[in-house]
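Note that our numbering has the sequence shown beginning at 9, numbered continuously upward.
For reference, the structure is listed below as structure tokens.
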Amino acid sequence: MRAVAMILAGGRGKRLSILTQKRAKPAVPFAGKYRIIDFPLSNCANSDITTVGVLTQYRPYSLNDHIRIGAPWDLDRRHGGVWLLHPYERQNEMRYYSGTADAIQQNFDFMRHHNPDLVLILAGDHIYKMNYDDLFTFHTSHQADLTIATLKVSLEETSRFGILETDSSYRVASFQEKPLQPKGTLASMGIYVFNLEVLSRALREDAADPHSEHDFGKNIIPKMAGTHRVFAFPYSGYWVDVGTVQSYWETHMDLLVDEPLLNLNDRKWVIHTVSEERPPVNIRTGATVSHSLITDGCVIEGTVEYSVLSPGVRVSRGAVVRNSIVLTDADVRAGAVVDRSIIDKETVIGENAQVGYGADYSPNPIGDLTTGITLVGKKARIKAGVKIGRNCVIGGDVIESDFLDSMVPSGTLVGRLPGQ
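Right, here's the structure in full:
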């Protein structure tokens with residue numbers, strides 16, 4: 009069976025707040041050395057899928073720079089390989105992707121050119137490992153027109169997913185996109201396998217429908233559930249949609265337990281990425297590091313607990329980083345404290361500053377922050393000695409003079425957000 013994979017990677021990811029201020033959601037760093045897009049790309053590579061289209065739109069530079077010709081995933085090939093597919097001008101009209109189905113429709117010529125039997129449609133913002141060959145075997149053995157990868161979720165989570173009803177043979181009887189009153193707890197993972205010609209007809213019909221939002225979950229799948237052989241593939245492994253600040257933080261914390269459900273050291277299923285030439289980690293006299301992931305090039309003189317540090321992070325003497333995610337080349341200076349926070353790239357936390365301070369958990373609607381996680385944007389410079397409360401958002405590129413007081417109350421914003 010010949011298969012082409014299409015990875016939807018153009019989303020803005022508004023719920024990730026300032027983490028997507030300067031990058032597309034799939035380009036957000038993850039677990040110190042990776043980007044989120046590395047997971048579906050590595051799943052394709054490990055499943056021997058050698059033709060992959062990556063559909064980009066919002067702020068694609070970081071994603072393009074990371075993927076390039078696809079060498080880390082063995083996708084730098086003369087035939088097939090990885091292709092970065094952007095919206096482009098057609099007959100003097102610039103058409104941006106207006107939905108997930110529209111994005112695939114606009115790139116159907118790419119798929120047709122490679123002449124696959126099956127088309128695998130993936131989201132670019134999920135953290136998981138899956139052998140797609142198992143999915144293809146299930147699809148063909150059930151003589152399916154469409155197969156949807158599924159997993160069980162709690163009743164409280166159902167409003168975030170497409171929810172399916174199935175019979176005893178896993179055939180889908182109904183599909184509801186993000187229902188308020190769900191008929192079950194079997195959720196779509198946003199992973200679809202289509203027969204090429206079935207997908208072609210479904211996309212043409214959807215494109216001709218003036219009332220459609222041109223979305224797989226809202227339009228195409230609910231319609232096909234009543235007219236085609238649609239089946240649900242049961243998946244029971246670790247899978248997370250890191251679409252919110254809370255889920256992004258929790259997924260990192262999941263990596264710090266003694267036996268994480270997502271094993272990044274599994275040599276049988278390597279998550280590939282672009283490797284930087286960084287020196288080894290330098291842990292100096294007097295430093296304390298516990299239950300943390302520390303990436304190449306970090307220099308640790310202070311204390312790091314239950315945290316994930318990307319390449320080149322520096323934690324100076326007397327500084328403390330705990331329960332936090334600190335991205336590439338951030339500098340936590342002497343005496344500073346970073347607690348339950350996400351610090352973006354190339355940020356400077358000034359001496360004796362405190363980020364994630366106090367017992368006030370006033371909520372912040374920006375990023376839907378309620379659990380005490382504070383966000384600091386890319387290249388921000390946090391004033392020495394300032395105290396920043398819980399659930400705060402500090403925009404990218406802020407400078408010391410943007411802090412008018414010595415205390416930033418919980419639940420507030422400093423600086424500007426994307427689009428402001």
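Ideal Cβ placement from N, Cα and C applies to all residues, glycine included.
Endpoints, the alpha helix (DSSP H) within which residue i is located
{"i": "Thr259", "result": "253-262"}
{"i": "Leu272", "result": "Segment: none, Leu272 is in no alpha helix (DSSP H) and carries neither H nor E."}
{"i": "Thr145", "result": "140-149"}
Three-state class that DSSP yields for residue i in the structure shown
{"i": "Tyr365", "result": "coil"}
{"i": "Gln114", "result": "helix"}
{"i": "Ala13", "result": "strand"}
{"i": "Asp82", "result": "coil"}
{"i": "His87", "result": "coil"}
{"i": "Ala35", "result": "helix"}
{"i": "Pro242", "result": "strand"}
{"i": "Glu185", "result": "strand"}
{"i": "Ala215", "result": "helix"}
{"i": "Ala388", "result": "coil"}
{"i": "Gly107", "result": "coil"}
{"i": "His134", "result": "strand"}
{"i": "Gly429", "result": "One cannot answer for residue 429 here, as it falls past the ends of the chain, which runs 9 to 428."}
{"i": "Arg8", "result": "Residue 8 is absent from the model: the chain starts at 9 and stops at 428."}
{"i": "Leu207", "result": "helix"}
{"i": "Ile171", "result": "strand"}
{"i": "Ile77", "result": "coil"}
{"i": "Ser25", "result": "helix"}
{"i": "Leu425", "result": "coil"}
Distance CB(residue i)-CB(residue j) smaller than 8 Å
{"i": "Val323", "j": "Val340", "result": "yes"}
{"i": "Thr59", "j": "Val127", "result": "no"}
{"i": "Ala210", "j": "Met232", "result": "yes"}
{"i": "Ile228", "j": "Ala111", "result": "no"}
{"i": "Val384", "j": "Asp352", "result": "yes"}
{"i": "Pro299", "j": "Glu309", "result": "One point to set straight first is that residue 299 is His, not Pro, in the sequence displayed. Not in contact: His299 and Glu309 (Cβ atoms no closer than 8 Å)."}
{"i": "Met119", "j": "Leu159", "result": "no"}
{"i": "Leu49", "j": "Val36", "result": "no"}
{"i": "Asp155", "j": "Phe239", "result": "First, the amino acid is wrong: residue 155 is Thr here, not Asp. Yes; because the gap between Cβ atoms is below 8 Å, this pair is in contact."}
{"i": "Ser25", "j": "Gly364", "result": "no"}
{"i": "Ile44", "j": "Lys33", "result": "yes"}
{"i": "Ala195", "j": "Gly170", "result": "yes"}
{"i": "Ile390", "j": "Gly423", "result": "no"}
{"i": "Gly366", "j": "Gly343", "result": "no"}
{"i": "Thr446", "j": "Val328", "result": "Only positions 9 to 428 of the chain appear in the structure, and residue 446 is not among them; the question remains open."}
{"i": "His122", "j": "Gly78", "result": "no"}
8 Å Cβ shell around residue i - same chain, five flanking residues per side excluded
{"i": "Asn72", "result": "Thr64, Leu92"}
{"i": "Asp217", "result": "Asn227"}
{"i": "Val253", "result": "Arg23, Leu24, Ser25, Leu27, Ile350, Gly375, Asp376, Leu377, Ile381, Leu383"}
{"i": "Leu188", "result": "Ser167"}
Own chain partners of residue i with C-beta closer than 6 Å, once the 5 adjacent residues on each side are dropped
{"i": "His260", "result": "Val316, Ile333"}
{"i": "Leu270", "result": "Tyr246"}
{"i": "Glu173", "result": "Ala181, Ser182, Lys191, Gly192"}
{"i": "Pro417", "result": "Gly397"}
{"i": "Ile15", "result": "Pro48, Val62, Leu130, Gly132"}
{"i": "Asp125", "result": "Met9, Arg10"}
{"i": "Leu335", "result": "Pro37, Ser318, Asp352, Lys353"}
{"i": "Arg292", "result": "Glu309"}
{"i": "Asn290", "result": "Val307"}
{"i": "Gly21", "result": "Thr28, Lys33"}
Residue i: first and last residue of the uninterrupted beta strand (DSSP E) it sits in
{"i": "Tyr200", "result": "194-203"}
{"i": "Lys160", "result": "154-160"}
{"i": "Asp249", "result": "247-249"}
{"i": "Thr235", "result": "Run containing Thr235: none; DSSP gives neither H nor E here."}
{"i": "Ile381", "result": "Run containing Ile381: none; DSSP gives neither H nor E here."}
{"i": "Ser414", "result": "Run containing Ser414: none; DSSP gives neither H nor E here."}
{"i": "Asp125", "result": "Segment: none, Asp125 is in no beta strand (DSSP E) and carries neither H nor E."}
{"i": "Asp352", "result": "Where Asp352 is concerned, there is no enclosing beta strand (DSSP E), given that its DSSP letter is neither H nor E."}
{"i": "Val346", "result": "345-347"}
Closer than 8 Å to chain B by CB, residue i
{"i": "Gly21", "result": "Protein chain content of the structure displayed is limited to a single chain, and chain B is not contained in it."}
Sequence-distant residues of the same chain with beta carbon closer than 7 Å to residue i, five excluded per side
{"i": "Asp413", "result": "none"}
{"i": "Val282", "result": "His74, Pro80"}
{"i": "Pro371", "result": "Leu377, Thr378, Asn399, Gly419"}
{"i": "Ile255", "result": "The identity of residue 255 in the sequence shown is Ser, whereas the question assumes Ile. Excluding residues within five positions, the ones whose Cβ falls inside 7 Å are Val248, Asp249."}
{"i": "Asn51", "result": "Lys137, Met138, Tyr140"}
{"i": "Tyr42", "result": "Ile279, Thr281"}
heavy atom of the ligand SAM below 7 Å from residue i C-beta
{"i": "Asp84", "result": "For the structure depicted, the ligand SAM is absent and the ligand set is empty, with no information on it obtainable."}
Original post:
Quick one: complete alpha helix (DSSP H) runs, 4+ long, within the stretch 33-72?
Top reply: 46-54
**OP:** Starting from the N-terminal side, write out each stretch of the beta strand (DSSP E) that is 3 residues or longer and does not extend beyond the stretch 266-338.
**Re:** 296-298, 311-313, 328-330
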